[in-house]
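Structure record follows, encoded as structure tokens.
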Amino acid sequence: FEWTPACQSVFEDLKVSFTSTPILKITDPYGS
269 FEWTPACQSV FEDLKVSFTS TPILKITDPY GS
């Protein structure tokens with residue numbers, strides 16, 4: 269396994285995506 273600059277770039281993008289948008293939210297059972 270080789271960690272290339274391309275891997276690092278994608279990793280940084282994913283890190284930003286995971287921390288900037290609500291990936292997991294509590295479901296509202298009443299749908300409101």
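Read the sequence shown against our numbering and you will find it ends at 300, with the numbers running on by one and no gaps. Where a beta carbon is used, it is the ideal one built from N, C-alpha and C, also for glycine. Since we're looking at a predicted model, the values are computed, not measured.
{"query": "Reduced DSSP secondary structure (H/G/I, E/B, other) of Phe287", "result": "Here residue 287 is Thr; the residue named in the question, Phe, does not match the sequence. In this structure, Thr287 counts as helix in the three-state DSSP scheme."}
{"query": "Thr287 to Ser277 span [Cα, whole Å]", "result": "16 Å"}
{"query": "Three-state class that DSSP yields for Asp281 in the structure shown", "result": "helix"}
{"query": "Spatial distance of Thr272 from Thr295 (CA atoms)", "result": "38 Å"}
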